[in-house]
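Listed in order, the protein sequences are those of chains A and B. Taking the numbering used here, the leading residue of the first sequence gets 6, the next gets one more, and so forth. Taking the numbering used here, the leading residue of the second sequence gets 1197, the next gets one more, and so forth. Every residue, glycine too, gets a C-beta built ideally from N, C-alpha and C. Since this is a predicted model, take the numbers as computed values, not measurements.
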Amino acid sequence: MSKEAEKNLLEVKDLRVSFPSRHGAGAKRMVHAVNDVSFSLRRGRSLGIVGESGSGKTTTALAVMRLVEPSGGSILFDGVDLTQAKGESLRRMRPRFQMIFQDPFSSLEPRKRAGAIVREPMDLLGIGTEAERRQRVDELFARVGLRDDQKLNFPHQFSGGQRQRIGIARAIATRPDLVVCDEPVSALDVAIQAQILNLLVEVQEEFRLSYLFISHDLGVVHYVCDEIAVMYLGKIVEHNDRQSLFRQPLHPYTWALLSAVPGRGAAGRQNRIRLKGDPPSPFDLPKGCSFAQRCPFAQDECRNVRPELRAVSGGRRVACHRVNDEGIGPHHEFGEAVSRVEA
Amino acid sequence: MQPLLSIKDLRISFRSRTSQFAVLEDFDLDLQKGETVCLVGESGSGKTMTGLALMGLVPSPGFISNGAISFEGREMIAAGRNRAAEIRGKNIAMIFQEPMTALNPVFTIGEQIAEMLRYHEGLGRKAAIERAVELLRAVGIPEPEQRVHEYPHQISGGMRQRAMIAVALACSPQILIADEPTTALDVTVQAQILDLLEEVQERLGTTILLITHDMGVVADVADRVVVMYCGRKIEEGPAAEVLADPRHPYTSALLACIPRPDPEATTRMKLLDIPGIVPAASARPAGCAYAARCAFAFDKCRAERPPLFEVAEGRSAACWLASKEHSQ
């Protein structure tokens, strides 16, 4: 592997994002959407962030894009701290990191033609001459599987899958290094989802893109990502490469998440951790582990001391008091008894 | 055995000023007591329309242009609105995908359950609220005595879906139609709701018609599965058999294009994708509606629409490749 490939393209350290919010009739309070999140991403690789609603995965993505203001931490993109970049210096970086959005219906300007939508980032960031931009749009349309004459159509004339193709063409128009994908296929039917996932993987290889890939769908993340970080209530609770995460999930929450995926048949449904209740509110984060109140293995320590993300054997990272340094937790020891653990 | 509910030759049409087209056609389905049947398909396959037709809720300008629906042998479409409404609320109930929009935001959870009980069972206000508390407890809502007086926005998405199930169960219906009941929910909450539906079925012997796009959900809960494409049934059979050995190319493709977490996978296999999109119901081709996207299509597929062939006991597929003459 070349030296360049080993260098981190993106390094996020202790990222925090908080929003002031008025909940009900009460006083103004802070929502801690992202709490001390750290991860890094190498060039040409893809990192998946999975989690349920309210886990902070989309906020993390938006912070990396500088679409929300972080309240702490740093985001090093190719050595430059994006949290410190402003105005013209941020604008000069912009072509190098772009985003694909979840909803292909609301993320395209309805009054612009498809060709103009794809060209817009180049226009705004002043990339190339007029003729070069036009030629780039032609190439991009062909690359993402749209016909040349469709450049003149408006978004409403396209199907959901085609609109997502436009979104992809727009995101790679500026030849970025990093593309942040926020649930790019969750609004699509499965047959179309497969088309778009294949396209995403193809363009990644072709243009050596790095993906920060946000999804709630473990099957999709498994297909696209090399590494996966699992978030729960604003924190990363486990971070591992794809194979080891799916083969032996370390955190009880990851285990529960994997076992809740439907499609394992009746036998699979018996043998799983059933989580009770909903995730707690991000307004009042519990003192200890944020997963403790839903975790069937929680002890006093879990409720009182917040576990930090630490490395266990094999360089795998987990934030759980109950998992030892060999990477063995109570859910592994009980193995077969998993179905009986639920109260 | 007489089925609990029988749909015969159902057609739902939409009329515009210039044209009329069917969004559901030639649709037959029998539901037996206590079974779970899944309707699967992509958007526009007609699965939701089937559920709405059973509830008498086909949205205008759509209307039932042909066919019969009978409940315990009693015809519903011809019976007139009042008679059908009586059968429905009491014996057939439906839950929807998005509980925030399906529940009325200006009434408390309790009032919405009580409405069902007062209308169909003639209970008084106080008795109905008491019964609502019981129902909320039965669907696993903590502190039901407080929740019964709360409004939908005050509770979480998973709790709202539980509340909607409580509304649907108020009159102990024999058939529960669930239209994508877990699609809007997180995966751990989805598992809770599927468990709840199963528990309700065991306790009350309810027949469940589950509408979903998720083959994983089908694998977990369905006794029988009906695969729909562009307004028609294209395959039907016991769920385990259809999933293990699909006979319609569309069913196989639909199963193959879902990415699944496989702990043993070391390399990435390209996902099978189905080229193109589902044709619009208003522009359905002459032959098989799937022919243009099908890897196995031949001339006959494009010229003539295949009927449902019986391929095994209790199994059928609408594909020329499944016909007897072809397999000989």
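- Residue 171(A) carries a helical assignment under DSSP once its states are collapsed to helix, strand and coil.
- Look at residue 1397(B): its C-beta is not under 8 Å from any C-beta on chain A.
- Going by DSSP, residue 216(A) is part of the beta strand (DSSP E) stretching over 215-220.
- Distance between residue 1283(B) and residue 1324(B), taken at the CA atoms: about 20 Å.
- Counting C-beta atoms within 10 angstroms of its own C-beta, residue 1512(B) has 16 or more neighbours from the protein chains shown and is therefore classed as buried.
- Not flagged as an interface residue toward chain A: residue 1295(B), since no C-beta distance is shorter than 8 Å.
- For the beta strand (DSSP E) assignment, the uninterrupted runs of no fewer than 3 residues enclosed by the stretch 1281-1336 of chain B are, from N- to C-terminal side, 1288-1291.
- Identification of chain A residues near residue 1220(B) by a Cβ-Cβ cut-off of 7 Å yields none; the smallest Cβ-Cβ distance measures about 18 Å.
- Using a Cβ distance threshold of 8 Å, residue 214(A) and residue 160(A) do not count as a contacting pair.
- For residue 234(A), there are no neighbours in chain B by C-beta distance under 8 Å, as the nearest C-beta there is about 15 Å away.
- When the five nearest sequence neighbours on each side are left out, the beta carbons in the same chain lying within less than 6 Å of the beta carbon of residue 327(A) are those of 302, 334 and 335, in order along the chain.
- Identification of residues in the stretch 1395-1429 of chain B having a C-beta nearer than 7 Å to some C-beta of chain A yields 1409, 1410, 1411, 1412, 1413, 1415 and 1416, given in sequence order.
- For residue 160(A), the three-state secondary structure derived from DSSP is helix.
- Secondary structure within the stretch 64-134 of chain A: the alpha helix (DSSP H) runs of 4 or more consecutive residues, fully enclosed, are 92-98 and 119-129 (chain order).
- A Cβ of chain B is located within less than 8 Å of the beta carbon of residue 225(A).
- Nearest CB-CB separation between residue 1387(B) and chain A: below the 8 Å threshold.
- One Cα belongs to residue 1265(B), the other to residue 1240(B), and the distance between them is close to 22 Å.
- The beta-carbon of residue 1468(B) is placed less than 8 Å from the nearest beta-carbon of chain A.
- Residue contact check for residue 1384(B) against chain A: a CB pair falls below 8 Å.
- Across the structure, residue 173(A) and residue 144(A) are spaced so that their CA atoms are roughly 13 Å apart.
- It is roughly 14 Å from the alpha-carbon of residue 1222(B) to the alpha-carbon of residue 1432(B).
- Setting aside the 5 residues that flank it on each side, residue 1493(B) is surrounded in the same chain by 1487, each with a C-beta closer than 6 Å to its C-beta; the list follows chain order.
- Fully enclosed alpha helix (DSSP H) runs of no fewer than 4 residues occupy 1353-1365 of the stretch 1341-1370 of chain B, in order along the chain.
- What residue 1238(B) touches in chain A, judged by beta-carbon distance under 9 Å, is 194, 195, 196 and 197, going in chain order.
- Each residue's CA atom was taken as its position, placing residue 259(A) and residue 249(A) some 12 Å apart.
- With a cut-off of 8 Å on Cβ pairs, the stretch 1291-1302 of chain B is not in contact with the stretch 1225-1237 of chain B, counting fewer than three such pairs.
- In the three-state reduction of the DSSP assignment, residue 1480(B) falls in the coil class, being assigned neither a helical nor a strand state.
- For residue 1460(B), the closest alpha carbon among the candidates 117(A), 147(A) and 251(A) is that of 251(A).
- Here residue 82(A) is buried. Its C-beta has 16 or more other C-beta atoms within 10 Å.
- Under the DSSP assignment, residue 1496(B) falls in the alpha helix (DSSP H) whose first and last residues are 1495-1499.
- Around residue 193(A), the same chain offers 165, 166, 169 and 201 as residues with beta carbons nearer than 7 Å, after the five sequence neighbours per side are excluded.
- Among the residues of chain B, none has a CB under 7 Å from the CB of residue 212(A); the nearest is roughly 17 Å distant.
- Contact of residue 1490(B) with chain A is not assigned, every C-beta pair being separated by 8 Å or more.
- Rounded to whole angstroms, the separation of the alpha carbons of residue 1424(B) and residue 1199(B) is 21 Å.
- In the same chain as residue 1348(B), and ignoring 5 residues on each side of it, the C-beta atoms closer than 8 Å to its own belong to 1295, 1296, 1299, 1300, 1301, 1305, 1356 and 1359, in chain order.
- Not a single CB atom of chain A sits nearer than 8 Å to the CB of residue 1242(B).
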